[in-house]
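Presented below is the structure to which this report refers.
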Amino acid sequence: MTYNELLIEADKLGVIVKEFNLKTVDGKCYGNRIAIDSSLSEGEKVCVLSEELSHYRLTVGNISDQHNLNNRKQELIARKAVYEKLIHPEAIIDAILEGAYNTDDLSERLCVPHHFLIESVEHYKRKYGIYYVGKTHLLIFDTLNVISF
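Here's what the structure looks like:
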């Protein structure tokens, strides 16, 4: 998914997205307005805007105090939605089959920052265990390897 596609999605939801030079955060959702740090790379903007749209759809109130357990739960719900929206295990399988041999190659092919790819893989490990059974291949999370079946 591209940044422009997310901007179109935001517009359809009635969300106003503006870019600013934010000092302390990459993005912020307040009501139907989202601010994105203009200094971010395109891939980072995709991840941040997707997460802020997830907050718009899924969370309630100001959850910036992450010491509050309920706020942390809401943050996790939004994060999980972003991982599943931007990087599906099948996309990882396809990228590996197309020649991505390490996490740097994978993040480049999937157009996401390296740290986001690693966080996504960790999410899927928690969700599926040590492997994911795809349509035609098995994805092993620990080694990011695929096995045909």
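Numbering-wise, the sequence shown is residues 1 to 149 according to full-length UniProt numbering. Think of the CB as a built atom: it goes at the ideal place given N, C-alpha and C, for glycine as much as any other residue.
Check, Outcome
"The region 33–42 touching the region 64–74, judged by at least three CB pairs closer than 8 Å", "no"
"Given 8 Å, three or more beta-carbon pairs between the region 99–117 and the region 77–87", "yes"
"Candidates 98, 140, 27: closest to residue 128 by CA position", "140"
"Alpha carbon of residue 87 to alpha carbon of residue 106, nearest angstrom", "11 Å"
"Reference residue 56, options 70, 44, 74, 45, closest by Cα", "74"
"Test item: CB-CB of residue 15 and residue 58 under 8 Å", "no"
"Residue 49 beta carbon less than 8 Å from that of residue 27", "yes"
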